[in-house]
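> First the structure, then my questions, so here it is.
Numbering (full-length UniProt numbering), first residue to last: 1 to 484.
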């Protein structure tokens, strides 16, 4: 049963092939058996999951089922879940049990989904490799000597290893798409404001967006049907009708115009990586799509812009983590200053400290105009590049990541090299656009991702394009060796 997708499980449950309790029990046993070698979960909520599965079976028997009733899944440990540890992969929140559910969690609960637990992540979503988690690194199921990508590496690894058919995730600068690419699965970051951020612990408030990790595009569309909603508790959430994202998956893409940014096909990307993406583009041409070369001239400014804006916002958001109201508190503080300094010094890891310090510097009185204000101005230029591009194209495509999964420790001593792993994904967050990664090939037996970027609130179009690609290819069906 663990090889079933969300759509297949939904259909099987409706047909009575098995119960929610049966598949939940099967997956929980699989997590217990296999996750010791992957570390993709921080918390497994076995008792709660079985109770939800039993309630789902009763709801189905009473004739009150939805497509999601009884379907198992998991949540990234950045979403508050009532009565369950919500750690953000940090020592700072290692004892924090949320008193309420995030809106995303509440939406899945209301739909009847079964949550198996909380997945591992880079600390406070800061990282591109899932090596910064206080609870230890997540291992890539394709090669356990390599990283799964970050920050949503736990969700990506759990889905790739068939521990769960789908999981929630978040994307601030590529943290859904990059791990999806490195783990050979489908990852969708919606338009900023499409999905509520209420109850999602903030890293950088103008960039963070909740999204999906699944094996297929069809499953991502099913998750979006639950996640996308207006939420008055989130001031950044856009009040806009939510379409049925599954209804247009099979639409023809004949005549669709695909933009290929020259800046994303760089000389320093290996010929093998580029060839896999070019092969994917050729599949679209076979289906009747047109390809057009475009330019996004300010792309080279994305990484420096992001690493001013994101640390500035994180330094403000994490100021509440002070050892007073909740979370980690140092032992025997001498006074209030000692309490603050040691609680934060002991509770945060090195990458989080680095970004807090960079952000505090950028926001300081003498440097605000020179750094943060200037970065926001450049951000507008990056957004304008996309606005101009979408006047001529329907979808933009590129590699998701410049490399396949790299080995543990390979980039930890060079923060800039690590930051450049998100070079193709960051601009999408700065502009607030939807983006998705789908598997499109392999290099040295490691997955390669194709990135699809859509116009604002045009998730349905990139889901349609991704689904048609998966109907024509089988890269999304391939599993890591030993994962059966």
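Positions of the beta carbon are idealized from the N, C-alpha and C atoms, including for glycine.
Extract the residue ranges of the alpha helix (DSSP H) inside the segment 210-259, only unbroken runs of 4 or more that lie entirely within it.
Here the runs fully enclosed are 217-227.
> Helix, strand or coil for residue 481, going by three-state DSSP, please let me know.
The answer is coil: DSSP assigns residue 481 none of H, G, I, E or B.
> Determine the DSSP secondary structure at residue 387, reduced to helix, strand or coil.
Helix, per DSSP.
> Where do the ends of the beta strand (DSSP E) carrying residue 118 lie?
Here the beta strand (DSSP E) through residue 118 covers 114-119.
> Quick one: is residue 444 buried, meaning 16 or more other Cβ sit within 10 Å of its Cβ, or exposed?
Residue 444 comes out exposed.
> Roughly how many whole angstroms lie between the Cα atoms of residue 374 and residue 173?
If you take the alpha carbons of residue 374 and residue 173, they lie about 19 Å apart.
> Report the CB separation of residue 59 from residue 112 in whole angstroms; it is logged as a contact under 8 Å.
Indeed they touch by this definition, with Cβ atoms about 6 Å apart.
> In terms of residue numbering, what span does the alpha helix (DSSP H) encompassing residue 467 cover?
That run of the alpha helix (DSSP H) goes 459-472.
> For residue 161, which of helix, strand or coil comes out of DSSP?
Of the three classes helix, strand and coil, the one that applies to residue 161 here is coil, per DSSP.
> Taking the straight line between their C-alpha atoms, what separation do you get for residue 299 and residue 36?
One C-alpha to the other measures close to 40 Å.
> Under 8 Å by Cβ, that's how I've got residue 84 and residue 98 pegged, so tell me the actual separation to the nearest angstrom.
That pair is a contact at about 7 Å.
> How is residue 130 classed by DSSP in three states: helix, strand or coil?
If DSSP states are grouped into helix, strand and coil, residue 130 belongs with coil.
> Within 10 Å of its beta-carbon, does residue 16 have 16 or more other beta-carbons around it, so buried, or fewer, so exposed?
Counting Cβ neighbours within 10 Å, residue 16 comes out exposed, since fewer than 16 surround it.
> Starting from residue 108, trace the alpha helix (DSSP H) in both directions and tell me its first and last residue.
103-111 is the span of the alpha helix (DSSP H), which, as asked, contains residue 108.
> Rounded C-beta distance between residue 27 and residue 72? I'm assuming under 8 Å.
Going by Cβ atoms, the distance from residue 27 to residue 72 rounds to 5 Å, so yes, they are a contact pair.
> With distances taken between CB atoms, is the gap from residue 185 to residue 159 smaller than 8 Å?
Yes, they are a contact pair.
> Whole angstroms is fine: what's the gap from residue 457's alpha carbon to residue 289's?
If I take the Cα positions, the gap works out to 21 Å.
> Helix, strand or coil: which one does DSSP assign to residue 200?
Residue 200: strand per DSSP, three-state reduction.
> Apply the 10 Å Cβ neighbour rule to residue 559 and answer buried if 16 or more other Cβ atoms are within range, or exposed otherwise.
The structure shown does not extend to residue 559, since the chain spans only 1 to 484, so no value can be given for it.
> Among 313, 194, 223 and 422, whose alpha-carbon lies nearest the alpha-carbon of residue 10?
The residue with the shortest Cα to Cα distance from residue 10 is 223.
> Whole angstroms are fine: how far does the CA of residue 181 sit from the CA of residue 275?
Taking the straight line joining both Cα atoms gives about 15 Å.
> Does the beta-carbon of residue 368 have 16 or more other beta-carbons within 10 angstroms, so that it is buried, or is it exposed?
With fewer than 16 Cβ atoms within 10 Å of its Cβ, residue 368 is classed as exposed.
> Between the Cα of residue 256 and those of 67, 392 and 429, spot the shortest distance and give me the residue it belongs to.
Per the Cα distances, 392.
> Is the segment 407-426 touching the segment 237-257, taking contact as three or more C-beta pairs under 8 Å?
These segments do not touch.
> Given a threshold of 16 other Cβ atoms within 10 Å of its Cβ, counted over all protein chains shown, does residue 191 qualify as buried or as exposed?
With 16 or more Cβ atoms within 10 Å of its Cβ, residue 191 is classed as buried.
> Check for me: the beta strand (DSSP E) holding residue 324 runs from which residue to which?
Note, residue 324: premise wrong, no beta strand (DSSP E); not H, not E.
> With residue 166 as the anchor, note down where its alpha helix (DSSP H) starts and where it stops.
Unbroken run through residue 166 is the beta strand (DSSP E), 166-171; no alpha helix (DSSP H).
> Note down, one range per segment and in chain order, each alpha helix (DSSP H) of at least 4 residues found wholly within the segment 325-378.
Entirely contained in the segment 325-378, the alpha helix (DSSP H) runs reaching 4 residues are, in chain order, 336-347 and 350-363.
> Among the residues of its own chain, which have a CB less than 6 Å from the CB of residue 91, if the five just before and after it don't count?
Same-chain partners within the cutoff: 134, 328 and 347.
> Quick one: residues in its chain with C-beta nearer than 7 Å to the C-beta of residue 379, no 5 flanking neighbours on either side, listed in chain order?
Cβ within range, chain order: 305, 309 and 430.
> What are the boundary residues of the beta strand (DSSP E) that residue 415 is part of?
It is not in any beta strand (DSSP E) - residue 415 instead sits in the alpha helix (DSSP H) that spans 415-419.
> Exposed or buried, which one is residue 438 when buried takes at least 16 other CB atoms within 10 Å?
Residue 438 should be labelled buried.
> Quick one, are the C-beta atoms of residue 231 and residue 103 less than 8 Å apart?
Against a cut-off of 8 Å, the Cβ pair of residue 103 and residue 231 comes out as a contact.
> Just the C-alpha distance for residue 121 and residue 258, rounded to the nearest angstrom, thanks.
If I take the Cα positions, the gap works out to 33 Å.
> With DSSP as the reference, label residue 440 as helix, strand or coil.
In the structure shown, residue 440 sits in a strand (DSSP, three-state: E or B).
> Using the beta-carbon count (16 or more within 10 Å), is residue 446 buried or exposed?
With 16 or more other Cβ atoms within 10 Å, it is buried.
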